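Numbers 1 to 221, taken from UniProt numbering, label the letters of the sequence shown in order. Backbone N, C-alpha and C fix where the C-beta goes; we use that ideal spot for every residue, glycine too. Please read these numbers as outputs of a predicted model, since none were measured by experiment. Written out below as structure tokens is the structure these notes cover.
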Amino acid sequence: MIIAIDGPAASGKGTLARRLAERYRLKHLDSGVLYRAVAQRMIDLGLDLADPAAAAKAAREIDPARFDDPALRSRRTGEGASIVSAVPEVRAALLDFQRRFAAEPPGAVIDGRDIGTVICPDADVKLFVIASPEERARRRALELTRAGEPVDEAAILLDIRARDERDMNRATAPLKPAEDAIRIDTTTLDADAAFDAAVSIIERRMAERPAGADAALRANA
């Protein structure tokens, strides 16, 4: 069972993905961490984030053991991730990693920006999570405040709009919903309401599948 969740920054897709993975006892991968790891490695080495060759090399050398590094969650690293994720060579280097992760039993919940369209186009369930830029800026500001970082919500909003523009208009794997993805707008939803909406969608999809196809998943839920 593969659940693909796409959406822009701070839309709530990461929190939702973690909760769904726990409910259905599936593995979880935040694909954004991969790009943050690439950006962080380049920052650590003092490399130009806009250098495609250096970015591709960093992508081939990322260390999964560092995915929990708090530095990956900094605003600077997030901005860097948006830059390196637009490099085709970086996306190609990380494609196999993500597909292998998804293919391992019992399945996975993966969130990102091109999961349902490129990484797992045959995913069993595809969700596209959105929220207004203003609400996403508010959430990111709150997250940074809790992390003890200085906050300028107006600047965060500008950054979110700029990232959306890059993500939606890049030549390789732009951010867009898969044709068969179901949208969830979390602008006015808290985490519990978004989770309930997603579970309802997944359960409905499971009910539409052939008898026995999701027996293992139902046993885990």
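For ALA58 and ALA103, what's the separation of their Cα atoms in angstroms?
Stepping through the sequence shown from its first residue, residue 58 is reached at position 58. Stepping through the sequence shown from its first residue, residue 103 is reached at position 103. Looking at the two C-alpha atoms, the distance is approximately 24 Å.
Of all the options ARG41, PRO64, ALA194 and GLY78, which has the alpha carbon lying nearest to the alpha carbon of GLU143?
By one-based count along the sequence shown, residue 143 stands at place 143. Checked all of ARG41, PRO64, ALA194 and GLY78; the closest Cα to GLU143 is GLY78.
Under the rule that 16 or more other beta-carbon atoms within 10 Å means buried, what is MET1, buried or exposed?
Within the sequence shown, residue 1 is the residue found at index 1, counting from 1. MET1 comes out buried.
Could you give the distance in angstroms between the alpha-carbon of VAL87 and the alpha-carbon of PRO52?
As a working mapping, residue 87 is identified with position 87 in the sequence shown. As a working mapping, residue 52 is identified with position 52 in the sequence shown. If you take the alpha carbons of VAL87 and PRO52, they lie about 6 Å apart.
Quick check on the burial criterion: 16 or more other C-beta atoms within 10 angstroms. Buried or exposed for ALA31?
In the sequence shown, the residue the question calls residue 31 occupies position 31. Reading the sequence as shown, one finds Ser at residue 31 and not Ala. Label assigned to SER31: buried.
For PHE97, which of helix, strand or coil comes out of DSSP?
On the sequence shown, position 97 is the one that residue 97 refers to. Three-state DSSP puts PHE97 in a helix.
Where does LEU72 land, buried or exposed, given buried means 16+ other C-beta within 10 angstroms?
Within the sequence shown, numbered from 1, the residue matching residue 72 stands at position 72. With 16 or more other Cβ atoms within 10 Å, it is buried.
State the start and end residues of the unbroken alpha helix (DSSP H) segment that holds ARG60.
Sequence index remark: in the sequence shown, residue 60 carries index 60 (1-based). Element bounds for ARG60: 52-60.
Per DSSP, what are the beta-bridge partners of PHE128 in this structure?
Start at 1 with the first residue of the sequence shown, and residue 128 comes out as number 128. Answer is ASP6 and ARG183, bridged to PHE128.
Which value, in whole angstroms, describes the spacing of the CA atoms of THR187 and GLU203?
Taking the sequence shown and counting its residues from 1, one reaches residue 187 at position 187. Taking the sequence shown and counting its residues from 1, one reaches residue 203 at position 203. Spanning the two alpha carbons is a distance of roughly 23 Å.
My assumption, with CB atoms under 8 Å, is that PRO8 sits in contact with ILE130. Please give the rounded CB distance.
Your numbering for residue 8 matches position 8 in the sequence shown. Your numbering for residue 130 matches position 130 in the sequence shown. With a Cβ gap of about 7 Å, PRO8 and ILE130 count as contacting.
Rank ALA123, VAL90 and GLN98 by C-alpha distance to the C-alpha of ARG209 and give the top, closest one.
For the purposes of this step, residue 209 is taken as the residue at position 209 of the sequence shown. Ranking the options by Cα distance to ARG209, first place goes to ALA123.
Which same chain residues end up closer than 6 Å to ALA191 when comparing Cβ atoms and leaving out the 5 residues on each side of it in sequence?
The residue you call residue 191 lines up with position 191 of the sequence shown. So the qualifying residues of the chain are THR15.
Is the beta carbon of ILE35 sitting closer than 7 Å to the one on VAL84?
Translated into positions along the sequence shown, residue 35 becomes position 35. Translated into positions along the sequence shown, residue 84 becomes position 84. This sequence places Tyr at residue 35; Ile is not what is there. In contact: TYR35 and VAL84 (Cβ atoms closer than 7 Å).
Let me confirm a value: PRO133 is counted as buried when at least 16 other C-beta atoms fall within 10 Å, else exposed. Which label applies?
Within the sequence shown, numbered from 1, the residue matching residue 133 stands at position 133. Classification of PRO133: buried, given that the 10 Å Cβ count is 16 or more.
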